[in-house]
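Here the sequence shown stands for residues 4 to 186, where the numbers follow the numbering used here.
The structure appears right after this line, and notes come after that.
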Amino acid sequence: FRHIRPHMTLMMTGSHTLANMRDAICCVSDLQVCGEFSSTPNIAPDYISKVRKRVFYNDMRFPECQDISSTTIEWAKSHNFPSYQEAKMEDTRFVDLTIKVGDCLDKKLYPLLTHKHRVATRKCTVCHVFIGRQVWLTTNDRLAPCDPCLFCDKCFRMLHYDEKGNKMGDFLAYSYVDPGAFN
(Lines of atoms letter the chains of each structure in order from A; the text may use other names.)
(Lines give C-alpha, C1' and ligand atoms only; values in the text may rest on other atoms or scores of the structure.)
Protein backbone atom coordinates (compact mmCIF):
# COMPACT_ATOMS: atom_id res chain seq x y z
CA PHE A 4 0.00 0.00 0.00
CA ARG A 5 3.01 2.28 -0.15
CA HIS A 6 2.38 3.36 -3.71
CA ILE A 7 -1.27 4.27 -3.31
CA ARG A 8 -1.98 7.84 -4.29
CA PRO A 9 -5.26 9.70 -4.46
CA HIS A 10 -6.99 9.69 -7.81
CA MET A 11 -8.57 13.06 -7.14
CA THR A 12 -8.65 15.66 -4.37
CA LEU A 13 -11.67 17.86 -3.72
CA MET A 14 -12.25 20.77 -1.36
CA MET A 15 -15.77 21.08 0.09
CA THR A 16 -17.56 23.43 2.47
CA GLY A 17 -19.41 22.33 5.59
CA SER A 18 -22.76 23.18 4.00
CA HIS A 19 -22.25 20.72 1.12
CA THR A 20 -23.98 17.36 1.36
CA LEU A 21 -22.33 14.04 0.63
CA ALA A 22 -24.51 13.95 -2.50
CA ASN A 23 -22.76 17.15 -3.68
CA MET A 24 -19.40 15.43 -3.21
CA ARG A 25 -20.60 12.27 -4.94
CA ASP A 26 -21.72 14.33 -7.96
CA ALA A 27 -18.29 16.01 -8.16
CA ILE A 28 -16.46 12.68 -8.35
CA CYS A 29 -16.04 10.98 -11.71
CA CYS A 30 -15.94 7.29 -10.87
CA VAL A 31 -15.64 4.28 -13.14
CA SER A 32 -18.07 2.43 -10.85
CA ASP A 33 -20.81 4.89 -11.77
CA LEU A 34 -20.80 3.55 -15.32
CA GLN A 35 -19.68 -0.05 -14.76
CA VAL A 36 -22.49 -2.53 -15.22
CA CYS A 37 -22.10 -5.92 -13.58
CA GLY A 38 -23.19 -9.05 -15.34
CA GLU A 39 -22.63 -11.15 -18.43
CA PHE A 40 -24.28 -9.78 -21.61
CA SER A 41 -23.12 -11.92 -24.54
CA SER A 42 -26.72 -12.95 -25.36
CA THR A 43 -28.17 -9.48 -24.77
CA PRO A 44 -25.52 -6.86 -25.67
CA ASN A 45 -28.16 -4.14 -26.17
CA ILE A 46 -29.38 -4.43 -22.59
CA ALA A 47 -27.17 -3.22 -19.74
CA PRO A 48 -28.42 -1.71 -16.40
CA ASP A 49 -26.73 1.18 -13.71
CA TYR A 50 -25.88 2.77 -8.32
CA ILE A 51 -23.66 3.93 -5.53
CA SER A 52 -23.04 3.74 -1.84
CA LYS A 53 -20.11 5.11 0.18
CA VAL A 54 -19.07 4.03 3.69
CA ARG A 55 -17.34 6.09 6.40
CA LYS A 56 -17.02 5.41 10.14
CA ARG A 57 -19.32 2.35 9.99
CA VAL A 58 -22.10 4.29 8.29
CA PHE A 59 -23.18 3.55 4.72
CA TYR A 60 -24.28 6.72 2.96
CA ASN A 61 -26.69 5.74 0.18
CA ASP A 62 -27.56 7.95 -2.77
CA MET A 63 -31.37 7.70 -2.84
CA ARG A 64 -32.20 10.86 -4.85
CA PHE A 65 -33.64 9.07 -7.86
CA PRO A 66 -36.41 6.44 -8.14
CA GLU A 67 -34.04 3.91 -9.74
CA CYS A 68 -31.58 4.08 -6.81
CA GLN A 69 -31.38 1.00 -4.63
CA ASP A 70 -30.18 0.62 -1.05
CA ILE A 71 -27.25 -1.71 -1.67
CA SER A 72 -25.90 -1.37 1.88
CA SER A 73 -28.50 -3.58 3.61
CA THR A 74 -26.94 -6.82 2.31
CA THR A 75 -23.50 -5.82 3.65
CA ILE A 76 -24.94 -4.67 6.98
CA GLU A 77 -26.77 -8.00 7.44
CA TRP A 78 -23.66 -9.97 6.46
CA ALA A 79 -21.49 -8.01 8.91
CA LYS A 80 -24.03 -8.60 11.68
CA SER A 81 -24.19 -12.37 10.98
CA HIS A 82 -20.36 -12.61 11.03
CA ASN A 83 -19.90 -10.76 14.35
CA PHE A 84 -18.46 -7.59 12.82
CA PRO A 85 -19.14 -4.24 14.49
CA SER A 86 -22.59 -2.91 13.68
CA TYR A 87 -23.11 -0.56 10.75
CA GLN A 88 -25.73 2.09 10.17
CA GLU A 89 -27.14 3.63 7.02
CA ALA A 90 -28.02 7.20 6.10
CA LYS A 91 -28.88 9.16 2.98
CA MET A 92 -26.10 11.10 1.23
CA GLU A 93 -28.48 13.89 0.36
CA ASP A 94 -29.40 14.41 4.04
CA THR A 95 -25.83 14.43 5.41
CA ARG A 96 -23.79 17.64 5.31
CA PHE A 97 -20.04 17.83 5.88
CA VAL A 98 -20.63 19.97 8.95
CA ASP A 99 -22.46 16.94 10.46
CA LEU A 100 -19.33 14.77 10.12
CA THR A 101 -16.16 14.70 12.19
CA ILE A 102 -13.59 15.77 9.61
CA LYS A 103 -10.94 18.43 9.23
CA VAL A 104 -12.35 21.54 7.58
CA GLY A 105 -10.12 24.18 5.98
CA ASP A 106 -10.61 27.89 5.41
CA CYS A 107 -13.46 28.84 3.11
CA LEU A 108 -12.91 31.58 0.54
CA ASP A 109 -15.78 31.81 -1.90
CA LYS A 110 -18.50 29.18 -1.47
CA LYS A 111 -19.41 29.39 -5.17
CA LEU A 112 -16.05 27.80 -6.03
CA TYR A 113 -16.86 24.57 -4.19
CA PRO A 114 -16.72 21.64 -4.68
CA LEU A 115 -13.25 22.52 -5.95
CA LEU A 116 -11.15 19.92 -7.77
CA THR A 117 -7.54 20.47 -6.70
CA HIS A 118 -5.90 17.33 -8.12
CA LYS A 119 -6.76 14.63 -10.65
CA HIS A 120 -4.50 11.69 -11.47
CA ARG A 121 -4.35 10.85 -15.18
CA VAL A 122 -4.95 7.24 -16.19
CA ALA A 123 -3.74 5.60 -19.40
CA THR A 124 -6.51 4.97 -21.93
CA ARG A 125 -6.85 1.44 -23.25
CA LYS A 126 -7.17 0.52 -26.93
CA CYS A 127 -9.32 -2.04 -28.71
CA THR A 128 -7.34 -5.27 -29.17
CA VAL A 129 -8.53 -5.62 -32.78
CA CYS A 130 -8.46 -2.14 -34.37
CA HIS A 131 -6.00 -0.56 -31.87
CA VAL A 132 -8.05 2.64 -31.72
CA PHE A 133 -8.79 4.24 -28.36
CA ILE A 134 -12.02 2.83 -27.04
CA GLY A 135 -14.98 5.03 -26.19
CA ARG A 136 -17.86 4.69 -23.76
CA GLN A 137 -19.17 1.30 -24.93
CA VAL A 138 -16.43 -1.26 -24.41
CA TRP A 139 -16.63 -5.03 -24.11
CA LEU A 140 -14.44 -7.49 -22.24
CA THR A 141 -14.78 -11.11 -23.37
CA THR A 142 -13.64 -14.34 -21.76
CA ASN A 143 -13.62 -17.93 -23.03
CA ASP A 144 -13.60 -16.40 -26.51
CA ARG A 145 -12.03 -18.61 -29.23
CA LEU A 146 -12.14 -15.70 -31.71
CA ALA A 147 -10.17 -13.34 -29.45
CA PRO A 148 -6.36 -13.06 -29.60
CA CYS A 149 -6.13 -13.13 -25.78
CA ASP A 150 -8.25 -14.00 -22.75
CA PRO A 151 -9.66 -11.75 -21.37
CA CYS A 152 -9.89 -9.42 -24.36
CA LEU A 153 -11.06 -5.79 -24.79
CA PHE A 154 -13.09 -4.72 -27.82
CA CYS A 155 -14.59 -1.46 -28.97
CA ASP A 156 -18.32 -1.82 -29.66
CA LYS A 157 -17.86 -1.89 -33.45
CA CYS A 158 -15.23 -4.66 -33.49
CA PHE A 159 -17.09 -6.64 -30.79
CA ARG A 160 -20.34 -6.72 -32.80
CA MET A 161 -18.64 -7.37 -36.18
CA LEU A 162 -16.69 -10.34 -34.78
CA HIS A 163 -19.29 -11.91 -32.47
CA TYR A 164 -22.73 -11.35 -34.10
CA ASP A 165 -24.20 -11.95 -37.55
CA GLU A 166 -25.97 -9.23 -39.57
CA LYS A 167 -29.25 -10.03 -37.77
CA GLY A 168 -27.65 -9.58 -34.33
CA ASN A 169 -27.49 -13.30 -33.47
CA LYS A 170 -24.63 -14.43 -31.25
CA MET A 171 -21.98 -16.50 -33.03
CA GLY A 172 -19.95 -18.93 -30.93
CA ASP A 173 -19.57 -19.49 -27.21
CA PHE A 174 -18.07 -16.65 -25.18
CA LEU A 175 -18.90 -14.48 -22.22
CA ALA A 176 -19.15 -10.70 -22.64
CA TYR A 177 -19.04 -8.04 -19.95
CA SER A 178 -19.57 -4.30 -20.27
CA TYR A 179 -16.31 -2.51 -19.39
CA VAL A 180 -15.64 1.11 -18.48
CA ASP A 181 -12.15 2.38 -19.30
CA PRO A 182 -10.82 4.43 -16.35
CA GLY A 183 -8.97 6.59 -18.91
CA ALA A 184 -12.32 7.88 -20.16
CA PHE A 185 -12.39 10.22 -17.14
CA ASN A 186 -9.14 12.07 -17.96
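Each residue gets a CB set at the ideal place from its N, CA and C atoms; glycine is no exception.
Since this is a predicted model, take the numbers as computed values, not measurements.
- Assigned with DSSP and collapsed to three states, residue 61 falls in strand.
- Under the three-state reduction of DSSP output, residue 18 falls in the coil class, being neither helix nor strand.
- Just measuring C-alpha positions, the residue of 68, 171, 61 and 168 sitting nearest residue 90 is 61.
- The DSSP assignment places complete beta strand (DSSP E) segments of no fewer than 3 residues inside the region 120-151 at 138-142, in order along the chain.
- With respect to the 8 Å criterion, residue 172 and residue 146 are classified as neighbours on the basis of their beta carbons.
- Taking the Cβ atoms as the reference, residue 124 lies roughly 3 Å from residue 183, within the contact range of under 8 Å.
- Cβ neighbours of residue 174 within its own chain (closer than 8 Å, five residues either side excluded): 41, 141, 142, 143, 144, 145, 146, 147 and 163.
- The closest CA to that of residue 152, considering only 130, 65 and 81, is found on 130.
- The Cβ atoms of residue 15 and residue 65 do not sit closer than 8 Å to each other.
- Pairing residue 82 with residue 75, the inter-Cα distance amounts to about 11 Å.
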